[in-house]
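Data first, discussion second: the structure below is written as C-alpha cells.
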Amino acid sequence: MSSTSIEYTKKDLPSNVTKLGAALVVIGLVITILAYFIDHTRSAFNNLILLMFLSSVGVGSLFLVVIEYLGGAVWSVPFRRISEFFGAVLLILPIIAIPVYFNLHDLFHWTHIESVAGDKLLEEKSPYLNEMFFTIRVLAYFLIWIMFYLVITRNSRKQDVSGDQKLTKKNIRYSAIFIPVFAITLTFASIDWLMSLEPHWFSTIFGIYYFSGTVLTALAIATFAIVSLNEKGLLVKGITKDHYYSLGALMFAFTNFWAYIAFSQYLLIWYANLPEETFWFLARWEGSWMYFSIGLIIVRFLVPYIGLLSQPSKMNPKRLKIMSVWILFAHIYDLYWLIMPTYSKDGIVFGWIEFGFPLLAGGILILVFNMRAKNQNLVPIGDPKLKRGLNFRL
Amino acid sequence: MSGLDYTQEISVVEGQPSLREIEDLISKPLDSKPDKKYYIALAITMTMLGIGVIALGLSFYYGTGLWGNNNPVGWGFPIVNFVFWVGIGHAGTLISAILFLFRQKWRNGIARFAEGMTIFAVMTAGIFPLIHVGRPWLAGYLIPYPNQHSLWVNFTSPLLWDVFAVSTYLTVSFIFWYVGLIPDFATLRDRTTNKLKKIIYSTFSLGWRHSNRHWQHYEMVYLILAGFATPLVLSVHTIVSFDFAVSILPGWHTTIFPPYFVAGAVFSGFAMVQNVLIFIRKIFNYEHIITVDTLEKMNKIILLTGSMVGYAYAMEFFIAWYSGVQPEQFTFINRAFGPYTWAYWIMVSCNVIFPQLFWFKKIRTTIPVMFVIGVLVNVGMWFERFVITVTSLSRDYLPSSWAYYAPTLTDAGILIGSFGLFFTLLLLFTKTLPVVSIAEVKAVVKGSQPSHGDH
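Line order of the protein sequences matches chains L and F. Residue 180 in my numbering sits at position 180 of the first sequence, and the numbers go up by one each step. Residue 438 in my numbering sits at position 438 of the second sequence, and the numbers go up by one each step.
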C-alpha cells in the first residue's frame, strides 16, 4: 500500500456561486408566485414537476449514500459528502409540496368525489385513491426520508471528529433498513404523484421507471458538483480520472437502464394493444405531443448514450459536466412528459411559467448545497475507508 | 462490532499461498486419476440422464400425448423447464461480465465455474423448446434464410426473438469462457508431461506465451467482451419474459415482467452456483480460494434479487387490484387460493420468505444453512415458472374451457433427465478443465496488486 496522506483543508465556496443561487431563488420565486396568481392550475402542474424533480435529487442522493455503505464501496467515499449535502433537499420538500397539496383538485381527477361516483373503476380504487389516505401516505414518505437522512448524515458528520469505525457499522445497519423502505416509499410516491394523474391507467413497472430517473438525477448532480469543486481544488487531493470514470460509467449504465425500463413498458403495452393501457401513450401522441415523445428518446437516451459511450469521454471533466447538466435537464423533460399531457391535452405548452420553476429548482439546489457546505467538511475526513477510496484505481 | 476494520481491504484469497501452490492446487484434479466417489457421482447423474433419455425416447415414439399438456394448458412442463434452465444460466455471465465491470475482485475465484454452469444450463434449456415444437428435425426453419418454399419466420413473435437471444447468449458466453481459459491452457501446457495432453493444451492455448503484449491484448478483449455480454444478461430473460407478457392473458401481461424475470434469473442462478461451489471447495480443498466471505457475498446477492422478486409479486398483486380489471384480479386471487394454492405458497415461501433469513450474518456464513436456503430458492424459482405458466393458462377468460393440469411420469422423467444432463456435464468439466481460473486467482493474491503513489 502506498502511503497517501489525506490532504484536505476546509475552504469556503466561492461567494459568487451563493449569490447566483440566491438570485435564482428570488427570480424563481417572483415568477412562480406571479404564475400562481395568473394561472394557478398550470402553476400547480409545474409545481408538481418541481416537486418530483427535487424529490429525485433528495431521495436519490440519500440512496447513493446508503448504497455506498451497504455495498462496502470505497471509491465514492472521498465525495460521499456531496451527495449528503444534496440529500438536504429532502428537508424542504414539504414546503415545495404545500402549494401542490392545496391545488389537488386541479391536478387529480380522482379527488372530485362527484365524478368518482359515476365511475365504476374509480369507485373501486377509492379505498386507495382518496384525499385522506393520500395525505397520510405523502406525510409518511416525507417523514421516513427525512428521518433516515438526519440519522445517517449525523453519524457521518460525527465521524469527522471522532473517526470512530463503529459509526460506519451503525450506518450500514440503518442503510440495510432503509433500502426496502426506500423501494416501497419511492414506488408509492411515484404512483401517487405521477401515475394517479391518469387514475384509470396502471403499469406495474412504473415505480422502477421513476427509480431509474431518480438515480440518474442524483448521479448527475453529484458528478457536476464533484468535477466543479475538484477543479477548483476544494475537495481532498487525490481524486483522479479513475474516480471520474466510475461516475461517468454509472451515468452511462443508468441511462441504459432507463431506456431498458421505458422500452419494456412501451413495447408490452403497444404489443398487447389493450385500450385500458394504450390510452396513456396515445395521449402522448396527440398533436405536438408526438414530437415531444420522439424528443424524449433523443434527449433522455441518445444524447447521453453517445456522449458517454467512449472510454475517454467518461474521464473528460468537461464532457462529464456537460452531460450531467444535460441529464438533469432530461429528467425535467421526462417529468414534463409524464405530467403535462394531463394538463394540456392537445399539445405541448411552453411559456415563462414553465421556465420559472426550473430556475427556482436550480437556485434551491445551489443554496441548499452551499448552506450545508458552509459549516461542514466537504470530505468525510474521519471515514475509515477514505484512504482506500483515494487509492482507488481502475 | 468485533474486530471489523474498514481501513483494510479483506483479501479475496485467505492465507498467502505462493503462485506455485495455486497452480498445483487448481490443476491437481486434471493431473490425477478420478477416485471412487467421482465415479459414484457420475453413475448417479448418468442414471438421471438415462431416465430422461428413456422418457424422451418414449415421447418421440408415442408422441407428446404422454405429457400432461392439455387444452388449454399447452405449455406445461417443457416451457416451465426451459425458463427454469435459462434462468440458472444467468449467474455465470452476471459474475463474469457485470461484476467484472464493477471491479469486484471476489468474482475471480468463482467466475470460471459459474461461466461453465451458464453454458451447460443454456444447453440444457435449449432441449425443451426443441422437443416442445414436436418435430425437432424441422427446427432449422427457425433460422430465417431464403429458401425454396418461400417460408419465413414470424419476425414479430417473441418466440423467434428467443431463438436469436438464447443462441447469441450461448455463443458469447462460450467465447467469454474460452478467452478466459487461454492463459490457463498455456499454464497447463507448460506443466504437463503427458504428450497427448501437451498437444491438446498447445492447440487450445493458441500460442500463448504469458508475454506482456499478450496480457495487454487479453485485458482489452476481456473488457470489450464484458461490455458486450452485459446487455445480454438482461436481454435473454427479458425476451423470455416477453414470451408471456406480450400476450393479453391475465397474469402474463404486466409491464414489470422484464426486470422481474431478470432478477429472478440471477436469483436462481446464484443459488445454483452457491450450492455447487459449496461442494467444489470442499472436495478440491479450495476453501481458501473460494472463501466463506465470497459465499457470503453471493448470499447477499441472493437476498437482494430475492427481495426484488418479492417486490414484483407485491406490485403485481397491488396493481391487479388497483387496475380494477376483473380478470386480472381473479387471476391473482386464483393463484393464491385456487386449485394451485400449494404451488403458489411453495413459491412465495421459498422465494420471498426463506431468503430473508440472509439478513443475519450468522446465517449468511453458516454453510449447511445457506446450502438449504439455496436449494429452497431453486425449488421456489422452478415453482414460480410453474405458477406463471400453468395457473394463467388453466383458467383464462372462458370458464367453460378451464382445465386442471397435472404432469405425468414422462414429464417428471424429462425433468430428472435435464438435471442429469446438467450435472453430468459439470462433473466432466471438473476433471477436464481448471474449474477456477489460475491466472485470475493469482491476480488477487495478496502482494500481486500494483501499488500506486510512492514506493
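Ideal placement from N, C-alpha and C gives every residue a C-beta, glycine not left out.
The C-beta of histidine 210/F has fewer than 16 other C-beta atoms within 10 Å across all chains shown, which makes the residue exposed. The beta-carbon of glutamate 219/F is placed no less than 8 Å from the nearest beta-carbon of chain L. Taking 8 Å as the CB threshold, proline 327/F stays off the interface with chain L.
Interface annotation, phenylalanine 202/L: in contact with chain F, CB-CB separation under 8 Å. The segment 340-356 of chain L makes no contact with the segment 12-20 of chain L; the number of CB pairs closer than 8 Å stays below 3. Under the 10 Å beta carbon count, methionine 323/L is surrounded by 16 or more other beta carbons and is classified as buried. At the C-beta level, histidine 132/F and proline 183/F stay beyond 8 Å of one another. For glycine 233/L, no Cβ of chain F is located within less than 8 Å of the residue's own Cβ.
A distance of 8 Å or more separates the beta carbons of histidine 200/L and asparagine 103/L. Along the segment 362-387 of chain F, there is no position whose C-beta sits under 7 Å from a C-beta of chain L. For threonine 47/F, same chain residues with a beta-carbon under 8 Å away, outside a window of 5 residues either side, are Gly420 in chain order. With contacts defined as CB atoms closer than 8 Å, isoleucine 152/L and tyrosine 174/L qualify as a contacting pair.
Distance from the CA of leucine 234/L to the CA of lysine 11/L, rounded to the nearest whole angstrom, comes to 6 Å. Pairing serine 235/F with alanine 125/F gives a Cβ-Cβ distance that is not under 8 Å. Among the residues of chain F, those whose CB is under 7 Å from the CB of threonine 168/L are Tyr6, following chain order. If you check the CB distance, valine 12/F and asparagine 81/F do not come in under 8 Å. Of all residues in the segment 264-286 of chain L, only Ser264, Gln265, Leu268, Ile269, Tyr271, Ala272, Leu274, Glu276 place a beta-carbon less than 7 Å from a beta-carbon of chain F. As the crow flies, the alpha-carbon of phenylalanine 155/F is around 15 Å from that of glycine 140/F. The segment 307-325 of chain L and the segment 231-247 of chain L touch, with no fewer than 3 CB-CB distances between them shorter than 8 Å.
Per the C-alpha coordinates, the member of Lys28/F, Met308/F, Thr93/F positioned closest to serine 173/F is Thr93/F.
If you draw a straight line from the Cα of aspartate 190/F to the Cα of threonine 424/F, it comes to about 29 Å. Looking at the backbone, the Cα of alanine 222/L and that of tyrosine 141/L are separated by about 23 Å. For the C-beta of glutamine 165/L, the chain F residues within less than 9 Å are, from N- to C-terminus, Met1, Leu4, Asp5, Tyr6, Thr7. Leucine 159/F has its alpha-carbon roughly 13 Å from the corresponding atom of proline 144/F.
One Cα belongs to alanine 439/F, the other to glutamate 9/F, and the distance between them is close to 21 Å.
For tyrosine 305/L, the three-state secondary structure derived from DSSP is helix. CA-to-CA, the gap between threonine 214/L and glycine 60/L works out to about 5 Å.
Contact with chain L is found for valine 246/F, since one of that chain's Cβ atoms lies less than 8 Å from the residue's Cβ. In terms of CA proximity to leucine 90/L, Phe53/L leads the group Phe53/L, Leu121/L, Val77/L, Phe79/L. Taking the C-beta atoms as reference points, alanine 245/F is found nearer than 8 Å to histidine 253/F.
DSSP places histidine 331/L within a helical segment (H, G or I) once states are collapsed to three.
Contact annotation, glycine 269/F with glycine 380/F: C-beta distance approximately 13 Å; criterion of less than 8 Å not satisfied. Comparing alpha carbon positions, the residue from Leu138/F, Gly180/F, Gly324/F closest to isoleucine 110/F is Gly180/F. Here the segment 381-388 of chain F makes no contact with the segment 323-334 of chain F; the two share fewer than three CB pairs at distances below 8 Å. Residues of the same chain with a CB within less than 7 Å of the CB of valine 299/L, apart from the 5 flanking positions on each side, are Ala330, Tyr333 in chain order.
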